[in-house]
Amino acid sequence: MARQSGATRAAILPVTNAGMAAGSEILRLPSGEASPSLGRFVVNPHSCGYWWWQTLLIVLVLYTAWASPFELAMEKSDCGALAITELVVDAFFAVDIAASFFVAYRDTSTGTLVTDRRKIATRHLKRPGFAMDVASTIPLQMIYWIASGKRQTQYGFLNLLRLWRLRRVSKLFARLEKDIRFNYLWTRLVKLLGVTVFSLHFAACIYLSMAFHYRDKELTWIGSQIHGFEDRSVWFNYTCAVYWAMTTLATVGYGDLHAANPGEMLFSIAFMLFNIGLTSYIIGNITILVVHGTTNTFKMRDMVQRASVFGRMNGLPRATREQMMESVQLRFRMEERLEQEMLSELPKAVRSGIALHMFRGAVESCYLFQGASSKLVVQLVADMKAEFFPPKADIILENEAPTDCYIILSGEVEALTTLEDGREKHVMTIGSRGMAGEIGVMFNTPQPFTIRSRTLAQVVRISHSHMVQTVRPNTADGVIVFTNFVQYLESLKVKANEAAFVRDHLRNGCTTVLGGATMLNADESKGNAYRMLQCKEPKRVIIHEHLPDGSGTAPNGSPGKLVLLPDSFQELMKLSERKFGKAARGILTVDGAEVDDIEVLRDGDHLFYSW
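Letter by letter, the sequence shown follows residues 1 to 611 in UniProt numbering.
Here's what the structure looks like:
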């Protein structure tokens with residue numbers, strides 16, 4: 001083995017298994033990947049080979065739990081194959097004790113693996129259970145039998161020290177109960193069943209051993225009913241003992257097999273006292289498991305009952321009451337409340353990472369954010385939460401404040417408008433990866449439509465304030481978002497009411513959108529060219545057909561025409577053709593200077609066309 005570079009040197013390596021933090025007892029199954037080497041003669045406790053070795057020892061522990069009491073009760077069966085098997089099992093555990101001096105351990109203060117052989121050996125020797133591990137491995141009865149040629153009952157009781165190994169099974173179940181890959185209910189049931197079976201087996205073997213070693217076989221619990229039982233087969237006597245233990249544990253007590261001497265009476269008293277505790281333990285665990293499984297059902301029924309009473313007391317319409325009931329039931333059926341409670345306890349960075357993984361694809365594929373930068377998408381997604389709506393549930397009401405818009409993750413919703421006679425009219429259907437409520441949010445006006453789910457719908461919410469805070473600082477992304485929005489409105493085959501709504505908000509020069517950007521109709525006659533501009537007051541200028549008679553002021557008798565300054569110099573040149581009927585060659589200011597850039601013009605300027 002390679003020598004250490006110092007007496008106190010410890011090779012402390014970080015654990016690579018994710019989730020195996022200090023103090024964690026989560027069971028790790030082998031993944032098939034090679035574990036990193038920790039050096040010569042040092043075993044990685046998380047390696048695949050070591051896991052299989054520990055699994056084999058668990059199987060041998062189960063055999064020991066059955067064989068040790070059975071060997072005590074049936075001394076005449078303790079020969080040949082059974083004795084050899086016990087020696088082989090003891091050898092396996094002796095090898096495990098020796099191998100423990102080479103297994104790295106976790107430092108609880110740092111959460112890392114310590115691979116220094118000296119520290120591993122010191123820690124192993126100081127364990128409280130080390131002496132019991134050694135004692136439970138030495139075959140005392142076999143040694144005495146070989147040395148003296150005869151057997152003694154007291155050495156048979158010493159073999160019960162092997163039951164110390166059962167702590168491995170206890171630790172195994174403790175790990176399984178914390179491992180979410182295993183069903184907790186079935187894990188607990190298997191554990192309770194194992195405790196019950198072992199209790200029956202152990203009590204039956206002790207009771208049978210008392211009968212075999214009593215001086216007067218006729219005054220025993222089995223000898224008083226079955227004469228010559230010691231000559232019967234091993235399995236017949238064992239079956240009788242298990243039958244007595246089972247009737248006693250179940251408090252049936254048929255009376256056919258009962259204690260016949262003071263020693264058996266005392267043991268029966270102790271066993272029945274133990275049964276009281278064991279029965280209470282089993283009933284308590286079963287009750288906890290049942291209550292845990294029905295807690296959500298009781299909560300749901302209570303919530304539904306309260307919603308029903310609230311609806312009746314306040315005289316809510318039938319449709320509203322039905323929506324309340326369906327929403328409450330869906331909340332518990334989808335376990336949304338528990339999910340949000342769990343997520344709220346996580347660090348903000350972890351919550352943002354989860355939201356990014358779940359909703360980034362939906363946001364990027366949504367028409368409004370197509371082409372936007374990853375920075376904008378990450379900022380939008382960071383605080384998103386999924387919500388579920390049952391069929392025929394109102395998500396947005398017409399004319400309500402534009403506080404939120406929604407992205408549809410799954411399912412379908414429909415947009416409805418209310419006619420003058422109060423009837424609802426279907427406008428459009430919005431499917432997966434579509435948006436609802438964004439018109440009201442973008443224009444910052446009351447919602448124009450009622451949005452109602454057609455099927456079970458899963459959506460994510462984007463608040464108006466969050467949209468403003470995210471889009472406003474990102475000028476380039478804001479232009480992309482608003483351009484997508486305008487193109488979407490242009491491409492819609494909308495009904496007359498929606499077309500009027502859009503036309504009313506886009507007809508005039510400057511309409512504020514999200515408090516920061518504008519949509520301007522560059523050429524209303526064409527009806528399909530909207531530009532994205534920074535929000536500013538429109539400029540008004542006065543155009544004249546002829547140049548002034550002098551310089552300095554506008555000519556008297558030529559009032560000109562007051563117009564809004566177009567978006568480009570070319571449009572300003574074309575304006576002369578529409579207003580005066582002829583094409584101009586240039587544009588001059590009142591000082592006679594030629595204009596070649598529309599950005600230099602100010603509000604109230606006089607402009608003169610040159611022909």
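All residues carry an ideal CB built from backbone N, CA and C; glycine is no exception.
Query, Result
"Kindly indicate which three-state DSSP category D90 falls into: helix, strand or coil?", "helix"
"Using DSSP with H/G/I as helix, E/B as strand and the rest coil, what is V590?", "coil"
"Just mark M313 as buried or exposed, buried being the case when its beta carbon has 16 or more other beta carbons within 10 Å.", "exposed"
"CB L166 to CB A135, shorter than 8 Å?", "no"
"Compare the Cα-Cα distances from E594 to each of D603, F569, T403, N183 and report the closest residue.", "F569"
"Check D605 in the structure and name its three-state DSSP category.", "coil"
"Considering Y367, what are the terminal residues of the beta strand (DSSP E) in which it resides?", "No beta strand (DSSP E) holds Y367; DSSP gives it neither H nor E."
"Given that a residue counts as buried once 16 or more other Cβ atoms are within 10 Å of its Cβ, and exposed if not, what is Q469?", "exposed"
"With a cut-off of 8 Å on the beta carbons, I'd call G581 and R540 a contact; round off their distance for me.", "Contact doesn't hold; Cβ gap of about 22 Å is too wide."
"Which full runs of the beta strand (DSSP E) of 3+ residues lie inside the segment 100-133, going along the chain?", "105-107, 112-114"
"By Cβ distance below 8 Å, which residues in the same chain neighbour A121 in space, the five residues on each side in sequence not counted?", "F101"
"Less than 8 Å between the beta carbons of V481 and M384, yes or no?", "no"
"Alpha carbon to alpha carbon, how far is D302 from V291? Give it in angstroms, no decimals.", "15 Å"
"Going along the chain, which residues of its own chain have a beta-carbon closer than 6 Å to the beta-carbon of G516, five neighbours each way excluded?", "Residue placement at G516 cannot be trusted, given a pLDDT of 43 that sits under 50; what the coordinates show is reported in the next sentence. Here the set comprises R472."
"Judging by CA-CA distance, which residue of W66, V590, L547 is the nearest neighbour of V195?", "W66"
"Measuring alpha carbon to alpha carbon, tell me which of I430, V89, S432, G371 ends up nearest V59.", "V89"
"Whose CA, out of P139, G255, Q54, V378, lies closest to the CA of R351?", "V378"
"Let me make sure I understand the geometry here. Which of A401, R175, W235 has the alpha-carbon closest to that of M74?", "W235"
"Starting from the C-beta of Q323, find all residues in its chain whose C-beta is less than 8 Å away, skip the five residues before and the five after it, and write them out in chain order.", "P390, K392, A393, D394"
"With L409 and A362 assumed to form a contact (beta carbons below 8 Å), what rounded beta-carbon distance in angstroms separates them?", "5 Å"
"Would you decide whether Q225 is buried or exposed? Buried here means 16 or more other CB atoms lie within 10 Å of its CB.", "exposed"
"Quick one: residues in its chain with C-beta nearer than 7 Å to the C-beta of E25, no 5 flanking neighbours on either side, listed in chain order?", "In this predicted model, E25 has a pLDDT of only 37, less than 50, meaning its place in the structure is not dependable enough to derive any value."
"Secondary structure at L409, three-state DSSP: helix, strand or coil?", "strand"
"Pull up the DSSP beta-bridge partners for Q458, would you.", "F388, S410"
"Near N508, which residues of its chain fall below 7 Å by C-beta distance, leaving aside the five closest residues on each side in sequence?", "Confidence at N508 is low in this model, with a pLDDT of 40, below 50, so the placement of that residue should be treated as unreliable; the coordinate-derived value is given next. Answer for N508: no residue qualifies."
"Starting from D394, trace the beta strand (DSSP E) both ways and give me its first and last residue.", "394-396"
"When DSSP labels each residue in this structure, what does E599 get in the three-state scheme?", "helix"
"Using DSSP's beta-bridge definition, name the partner residues of T470.", "The partner list for T470 (beta bridge, DSSP) is empty, contrary to what the question assumes."
"Quick check: P448 and I439, are their CB atoms within less than 8 Å of each other?", "yes"
"From the DSSP output, which residues share a beta bridge with T417?", "K425"
"Keeping to the same chain, check which residues put their C-beta closer than 8 Å to that of F93; ignore five residues upstream and five downstream.", "L57, L60, D133, S136, T137, R165"
"Quick one: what's got a C-beta closer than 8 Å to Y488's C-beta in the same chain, skipping five residues either side?", "Y367, L368"
"Any idea if A204 is buried or exposed, counting beta-carbon neighbours within 10 angstroms, 16 or more meaning buried?", "buried"
"Relative to the C-alpha of R433, which residue among L419, L416, T55, E412 is closest?", "E412"
"Buried or exposed for T248, going by 16 or more other Cβ atoms inside 10 Å?", "buried"
"Report the residue ranges of all alpha helix (DSSP H) runs contained in full by the segment 160-248; include only those spanning at least 4 residues, in chain order.", "167-178, 184-212"
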